[in-house]
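A short worksheet on the structure shown next.
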Amino acid sequence: MAYYNTNTAVAYDMTAEPYMGEEAFAPARPQRLERPRLDVVGGAGREANQAVSPVFTRVIKVALVLVAMFFALGVARVTIASATAATLNGNAQLNSTLETAQEESSNLEVMRSVYGATTRIRDLAAGTLGMVEAEGGVTVDVSATPVASVQ
């Protein structure tokens, strides 16, 4: 007597199904999806002390050198600009000093010509001091006189 023909089958399942062995109670197998093949290649892994690749390290070093050069170029540029400004300020101050000295020199020349003029000296001597101009001059010839010897 088979299970599917009995009243028990109808009572439990409410339908009588033919018995198929273990396949009737086995769970459905999951479908395996095809994945790309993974091959393990020995010897190409990272070493324990190797944190990053040497190429990446070299790129970082080059970038840091470029940043340092950019910074140095900026500092040099600012230094040259400040030195140029200081030199220009010094030149402007020297130019101002030279102009002042030239003005003072021309004023002194005018004063010298005014104070050293013979007509002014004659007028001062005659007006202020009451001096008169000499009408004739006396010439003394000392070459003809013998020199007395001291004994």
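According to our numbering, the sequence shown holds residues 93 to 243 in order. Glycine included, each C-beta is placed from N, C-alpha and C at the ideal position.
query                                                                                                                                                      : result
If we ignore side chains and look at the alpha-carbon of each, how far apart do GLN185 and PHE163 end up?                                                  : 33 Å
Which parts of the segment 160-227 are runs of the alpha helix (DSSP H), unbroken and 4 residues or longer, counting only runs that do not cross its ends? : 210-219
DSSP state of ALA143, grouped into three classes?                                                                                                          : coil
Please report how far the alpha carbon of THR211 lies from the alpha carbon of SER198, in whole angstroms.                                                 : 21 Å
If we ignore side chains and look at the alpha-carbon of each, how far apart do SER188 and GLU195 end up?                                                  : 11 Å
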